[in-house]
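Asker:
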Amino acid sequence: MSKVLWCLSLALLLTARLSRATNDYTKYGPYNSESSKDWMKMDPATGCKARQCHVTVTVTRPRVLADEDYEPGRRPPFPTVFFLNGFQMFSTYYKDYVELLASWGYVTVQYDLPTMAVASDSVEARYLGPLLDWLEDQHSTMGSFVNGLIDMDRLAVSGHSRGAKLAALHLTQNPEIKTAYLIDPVDCDKKYRKESPENPSAVKALAAGPPRHVGIVGSGDVGSCNPVGSNYNNFWGAVGNGSWLTVVSKCTHSQFINAPPLAAAMFNMLCGTGKTSTQDVIRSTRPGLVAWMEGTLYQSHLHALVREHLSGQQVVVQAGSFLDAFFQWVYRMEAEDIFTFNVKTSASSVAAERSQAVQQAAVVATT
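Residue numbering for the sequence shown is -21 to -1, 1 to 346, as defined by mature numbering (1 follows the signal peptide of the UniProt record, and there is no 0).
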């Protein structure tokens, strides 16, 4: 077989195998997952004080296998997603999301501050730098939990509530971060979290920079935890062409987490409870998280692999092969009124919405 034919066969095999492996993001992928905890003390240069400086880091990875047992196109090093908690919520509440990501070949990094320790948004936004340094060191350290597993060129952020706001700030402030997926993000508001140097507006940061395509999920019911003027609608107005927006019907801000019963009852008392069950809200949300990361981090990686093996020969890899099944699922969910789904496409509407987002953020900051 000639070199060109061999490369073409390899490209088609990679495309076909990856397409099959990523076909249904509503289910777990080809890998089991496993987690490990570590402890870090943040440098006071971040602005942290006392207990704010002590964080527990949880890393979840695809279970390590013999090299020949990895899925083609999904071998280490893996893309890595930092998943950030909502205010006074814990990393364990988001286990459903990180385990699904790990099953499809992602490493996830989460952290918790000590109970009742609260750092300002500006301080916590500086934690990413030390975490990146720690992660790169762990990747290079023989015998560490993630030795050889981290692709530092494929980094993303996600989070819920305040964690989604921090994720948006990380995207705008750190060129190492390639993309973000925001789950019911909440920005500065008029009453409890007014804009200040310690509490910068993520909407303003998104709108002020170059247009960024971002995945966003919002809750269909708006309340005190995600008030009008600071919720997902404002973030949607600030992001660029190609962004996704999913709005889950009949759910509230606190239903994106899987918390213990007592904690869930407390958050639901604060934020309300929609008619959709928490389990259905999570099941409606997490496939989009994986699909977004697939399209942003894995699809470009496969193209690079194909180009490398073809040595200049041109082969078109169908982008739709990654997401066809996902969009078929989206159409079914929309037909059943589980959620609505939109892709931002109009350049003129993007400019108008970005301008409106800046104006709305200014109103919130001065009210």
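Beta carbons are placed, not taken as given, at the ideal position from N, Cα and C, and that holds for glycine.
Can you check which of these residues, 39, 239, 9, is closest to residue 126 by C-alpha distance?
Answerer: Out of 39, 239, 9, 39 has the C-alpha closest to the C-alpha of residue 126.
Asker: Assuming residue 88 and residue 61 are in contact, meaning their beta carbons sit under 8 Å apart, how far apart are those beta carbons, in whole angstroms?
Answerer: 5 Å between Cβ atoms; contact.
Asker: What does a CB cutoff of less than 6 Å around residue 197 pick up in its chain, not counting 5 residues either side in sequence?
Answerer: Once the five neighbours on either side are set aside, the close Cβ partners of residue 197 are 163, 211, 226.
Asker: Straight-line CA distance for residue 48 to residue 84?
Answerer: Going from the Cα of residue 48 to the Cα of residue 84 covers about 13 Å.
Asker: Going by DSSP, what residues sit across from residue 224 in a beta bridge?
Answerer: Bridge partners of residue 224: 195, 321.
Asker: Should residue 269 be labelled buried (16 or more other beta-carbon atoms within 10 Å of its own) or exposed?
Answerer: The residue is buried, with at least 16 neighbouring Cβ atoms inside 10 Å.
Asker: Measuring alpha carbon to alpha carbon, tell me which residue in 90, 186, 310 is nearest residue 355.
Answerer: The displayed coordinates of the chain run from -21 to 346. Any statement about residue 355 would go beyond what the structure contains.
Asker: Run the CB neighbour count on residue 304, radius 10 Å, all protein chains shown included, and call it buried at 16 or more, exposed below.
Answerer: The residue is buried, with at least 16 neighbouring Cβ atoms inside 10 Å.
Asker: Consult DSSP for residue 236 and reduce its assignment to one of helix, strand or coil.
Answerer: The answer is coil: DSSP assigns residue 236 none of H, G, I, E or B.
Asker: Under the rule that 16 or more other beta-carbon atoms within 10 Å means buried, what is residue 239, buried or exposed?
Answerer: The residue is exposed, with fewer than 16 neighbouring Cβ atoms inside 10 Å.
Asker: Cα separation between residue 71 and residue 217?
Answerer: C-alpha separation (whole angstroms): 30 Å.
Asker: Going straight from the alpha carbon of residue 417 to that of residue 214, what length do you get?
Answerer: Coverage of the chain is limited to positions -21 through 346, which leaves residue 417 absent and any answer about it impossible.
Asker: Tell me the rounded alpha-carbon separation between residue 201 and residue 207.
Answerer: Using only the alpha carbons, I get a separation of about 7 Å.
Asker: Which first and last residues belong to the beta strand (DSSP E) in which residue 137 is found?
Answerer: Its beta strand (DSSP E) spans residues 129 to 139.
Asker: Skipping 5 residues on each side, what residues in its chain have a beta carbon closer than 6 Å to that of residue 341?
Answerer: Note on residue 341: pLDDT 48, under 50, position unreliable in the model; the coordinate value appears next. Around residue 341: no qualifying Cβ.
Asker: Rounded to a whole number of angstroms, what is the C-alpha to C-alpha distance between residue 253 and residue 229?
Answerer: So the two alpha carbons sit approximately 5 Å from each other.
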